[in-house]
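So the mapping is simple: the working numbering equals the position in the sequence shown, first residue as 1, plus 627. All residues carry an ideal CB built from backbone N, CA and C; glycine is no exception. Predicted model, so just to flag it, every value in this text is computed and none were measured.
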Amino acid sequence: MTRIEVDAVLAAPPPAVWHILVDGERWPDWFRSPGGGLRLDHVVLRLGPPDRVGAQRECAATLGPLPLLGQWKVRWTDCLADVHCPWLLELDVTLTPAVLKRVRLRVILVEGQPGQTRLRWRVTYSPGVLWLADRLFLRRAIAIGVRGALATLAERWEALPATPAMVPAAPPELTREPAGPTGLSDTRTARPAA
Numbered sequence: 628m629t630r631i632e633v634d635a636v637l638a639a640p641p642p643a644v645w646h647i648l649v650d651g652e653r654w655p656d657w658f659r660s661p662g663g664g665l666r667l668d669h670v671v672l673r674l675g676p677p678d679r680v681g682a683q684r685e686c687a688a689t690l691g692p693l694p695l696l697g698q699w700k701v702r703w704t705d706c707l708a709d710v711h712c713p714w715l716l717e718l719d720v721t722l723t724p725a726v727l728k729r730v731r732l733r734v735i736l737v738e739g740q741p742g743q744t745r746l747r748w749r750v751t752y753s754p755g756v757l758w759l760a761d762r763l764f765l766r767r768a769i770a771i772g773v774r775g776a777l778a779t780l781a782e783r784w785e786a787l788p789a790t791p792a793m794v795p796a797a798p799p800e801l802t803r804e805p806a807g808p809t810g811l812s813d814t815r816t817a818r819p820a821a
């Protein structure tokens, strides 16, 4: 398995960064590396709310130019496999054609200094028949592309306001009922006063 990890620090708290990450259709606005090494061409939501497990997106990107291959057009479908708002997004990726196997993207947000978020982008995959290309140049090209894309996100942060529709609803407040005759207390969702 090949594993690539890239970090970036953004001048915003995790909930603000979360809103940009959940809005996948806006990823092409910032997911491009300087010099054209990696460019996300389009992302289209195909199934479900974008911040729920099971959401599916159709994506296309251009990688390269790569030695011997030139520019490589890549298409894939991803499915949101795990989500923990506003700290984690995990996507299972299926490439078309399936030249890389078991591709997974894990995006981790960590609260840094006040008003900052450390964003960790982890890509894992099995290179399959491209194992030699992966060792020679593919892994490096993907890492440089992702590093450049995250640097672009950090630079363009102010121009990418959060989408208010993506703000998660606050969980209901819990109250502790006094112990009853059995000596046990009960936790219930607070009800509005009538």
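Where does residue i land, buried or exposed, given buried means 16+ other C-beta within 10 angstroms?
| i | result |
| --- | --- |
| residue 671 | exposed |
| residue 742 | exposed |
| residue 737 | exposed |
| residue 659 | buried |
| residue 780 | buried |
| residue 705 | buried |
| residue 725 | exposed |
| residue 651 | buried |
| residue 665 | buried |
| residue 746 | buried |
| residue 684 | buried |
| residue 617 | Nothing can be reported for residue 617: it is not among the residues displayed for the chain, which extend from 628 to 821. |
Might you give, ordered along the chain, the residues of its own chain that have their beta carbon closer than 8 Å to the beta carbon of residue i, omitting 5 neighbours on each side?
| i | result |
| --- | --- |
| residue 727 | 752, 753, 754, 755, 757 |
| residue 710 | 678, 679, 680, 716, 717 |
| residue 694 | 763, 764 |
| residue 699 | 689, 690, 691, 693 |
| residue 784 | 637, 638, 639 |
Checking 8 Å against the spacing of the C-beta atoms, do residue i and residue j come in under that value?
| i | j | result |
| --- | --- | --- |
| residue 619 | residue 688 | This structure cannot settle anything about residue 619, because the visible part of the chain is limited to 628 through 821. |
| residue 716 | residue 701 | no |
| residue 679 | residue 718 | no |
| residue 768 | residue 662 | no |
| residue 657 | residue 712 | no |
| residue 731 | residue 720 | yes |
Report the partner residues of residue i according to the DSSP bridge assignment.
| i | result |
| --- | --- |
| residue 726 | According to DSSP, residue 726 bridges with nothing at all. |
| residue 697 | 693 |
| residue 671 | 685 |
| residue 615 | Outside the shown range of the chain, which is 628 to 821, sits residue 615, and nothing can be said about it. |
| residue 637 | 744 |
| residue 771 | Paired residue(s): none; residue 771 is not in a bridge. |
| residue 678 | According to DSSP, residue 678 bridges with nothing at all. |
Only counting the same chain, and skipping five residues up and downstream in sequence, which positions put a Cβ closer than 7 Å to that of residue i?
| i | result |
| --- | --- |
| residue 766 | 629, 631 |
| residue 633 | 748, 770, 773, 774, 777 |
| residue 762 | none |
| residue 655 | 667, 668, 669, 670 |
| residue 673 | 683, 684, 685 |
Classify residue i as helix, strand or coil using the three-state DSSP reduction.
| i | result |
| --- | --- |
| residue 748 | strand |
| residue 659 | strand |
| residue 650 | coil |
| residue 776 | helix |
| residue 703 | strand |
| residue 783 | coil |
| residue 756 | helix |
| residue 644 | helix |
For residue i, which residues from the same chain have a beta carbon less than 6 Å from its beta carbon, with the 5 sequence-adjacent residues on both sides left out?
| i | result |
| --- | --- |
| residue 675 | 681, 682 |
| residue 686 | 670, 703 |
| residue 714 | 736 |
For a test of your reading of the model: does the CB of residue i fall under 7 Å from any non-hydrogen atom of the ligand ZN? Yes or no.
| i | result |
| --- | --- |
| residue 645 | The model depicted lacks the ligand ZN and carries no ligand whatsoever. |
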